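Engineer:
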Amino acid sequence: MKKINGNIASPKGFKADGIHCGLKRKRKDIGWIISTVPTQCAGVFTTNQVKAAPVLVTKEKLKNKSLQAIIVNSGNANACTGNQGYQDAITMCEKTAEHLNIDAAQVAVASTGIIGKHLPMFQIEAGLELLANNQDCAAENFQEAILTTDTCQKVSAYQEEIDGKTITVAGCAKGSGMIHPNMATMLSFITTDANISSDLLQELLSELTEITFNQITVDGDTSTNDMVLVLANGEAKNAEIQRGSLAYQQFKNVLQAVFTDLAKSIAKDGEGATKLIEVQVENAVDEYSARMLAKSVVGSSLVKSAIFGQDPNWGRILCALGYSGIDFDSNQIEIYLEDTLVFAFGVPTDFSTDQLSEKLKQAEITIKVNMHDGVAQGKAWGCDLTYEYVKINALYHT
């Protein structure tokens, strides 16, 4: 497996583009991903009981197990917009299909932005016209067009030799605030030229989402618009990947690498964040327990605040473990901040607060917890909680 300097259109047979149509003041705000041929597809969506119109429309589209394009806008979530919002999402698919000369059933739609506002469809349709006629097609334009409060594009791409063919998997994502997916706003799009069935792709997506995207949290809010879509067009011309084969494991490893990169990028770019926090739980009774313990720690506002303040406050970490819902004996665990053991077998250790505080000035912080209760492990990612986070969300108007 090799990491490459790629983009969402790196796999064979894909292209992507984005432009500014006026949903946002200056930045690009509408874009699409297109495959030259129909793809096998899979998706996971928000668990929020309030689901945005594009989520409902795209979930319906995935029943056909095939897509050829995805149209995405930012600046307006098209959420809590009633039947009109639902019809607008359908219209976005239909107009996209007209410009691309494909079946509207083959077009998915995603939106992100302010909740409760109807889409200005005249701007959307004008934007689609501009996209269709844009001569400077560039995947980076799409990767920008899906962003809201993000400070950077989030992209990952890998290649692997499978059955003598070079398979490429690429992904891009947006997400900075309202990140606490349970599959925030989190959107992620994955493209691959691998030959794999929709059913197998869905199994892999659901399994890997649990240990990657569902293990990140910025502020504990789950969006109405969360969505991860994977498109596989088979243009690498490999033999179809079968469950349990070596090719299956190779493809799964590449997919997991892309998912993990994107998940960490989202956590690192949390609104106002200055630090990426990775929590590693090892030797837990089972994988589910390990993941829940890790996510409880990384989601703690007190832990996040302590990391921002370079405070080696092991008590907050222990407290977050305690309310995770997982049973354990605090007298048999160890807690490490960076490589410093701060709590062991029921009592704090004798460590230098000043020296550890210096280490906590780093941009990436690791918290490790050894449960001494089994062999399972799990990870979760988040960021520190800063003054800037409050400022960003206080000024973000409705």
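Letter 226 of the sequence shown, counting from 1, is numbered 226 in the UniProt record's numbering, and no numbers are missing.
Just so it is clear, CB atoms sit at the ideal spot from N, CA and C, and this is done for glycine as well.
All values derive from a computational prediction rather than experimental measurement.
(1) Give, in chain order, every unbroken run of the beta strand (DSSP E) that is at least 3 residues long and sits entirely within the segment 234-290.
(2) Quick check on DSSP: helix, strand or coil for S324?
(3) Around the C-beta of A273, are 16 or more other C-beta atoms found within 10 angstroms, so that it is buried, or is it exposed?
(4) Can you pull the DSSP bridge partners for I392?
(5) Hey, could you find the ends of the alpha helix (DSSP H) P54 is sitting in?
(6) Compute the beta-carbon to beta-carbon distance between T112 and S74, rounded to the nearest angstrom, for a pair I have assumed lies under 8 Å.
(7) Pick helix, strand or coil for Q40, following the three-state DSSP scheme.
(8) How long is the line joining the alpha carbons of G6 and T224, rounded to whole angstroms?
(9) Quick check on the burial criterion: 16 or more other C-beta atoms within 10 angstroms. Buried or exposed for P11?
(10) Taking N370 as part of the beta strand (DSSP E), name the residues at either end of that continuous run.
(11) For K2, which of helix, strand or coil comes out of DSSP?
(12) Hey, how far is the Cα of K391 from the Cα of F308?
(13) Quickly, what does DSSP pair M227 with across the bridge? List them, please.
(14) Look up S352 in the DSSP assignment and say whether it is helix, strand or coil.
(15) Between which residues of its own chain and L385 is the CB-CB distance below 7 Å, once the five residues before and five after are set aside?
(16) Enumerate, from N- to C-terminal direction, the unbroken alpha helix (DSSP H) stretches of 4 or more residues contained entirely within the segment 72-157.
(17) Looking only at its chain, what residues have a beta carbon closer than 8 Å to the beta carbon of T212, apart from the 5 residues adjacent to it on each side?
Structural biologist: Straight from the coordinates:
(1) Here the runs fully enclosed are 276-284.
(2) Coil, per DSSP.
(3) Per the 10 Å Cβ criterion, buried.
(4) DSSP lists no partner for I392.
(5) From DSSP, the alpha helix (DSSP H) with P54 extends over 53-61.
(6) Rounded, the Cβ-Cβ distance is 5 Å, consistent with contact.
(7) The three-state reading of DSSP puts Q40 in strand, counting E and B together.
(8) Taking the straight line from one Cα to the other gives about 30 Å.
(9) Counting Cβ neighbours within 10 Å, P11 comes out buried, since at least 16 surround it.
(10) Segment 364-370, the beta strand (DSSP E) holding N370.
(11) Looking at K2 - three-state DSSP - the assignment turns out to be strand.
(12) Taking the straight line joining both Cα atoms gives about 16 Å.
(13) According to DSSP, M227 bridges with F45, L187.
(14) Here S352 sits in coil by DSSP.
(15) Cβ within range, chain order: S301, K304, S305, F308.
(16) Annotation note: the segment 72-157 contains the following uninterrupted alpha helix (DSSP H) runs of length 4 or greater, listed N- to C-terminal: 82-100, 121-133, 139-145.
(17) Hits under 8 Å: Q256, F259, T260, L262, A263.
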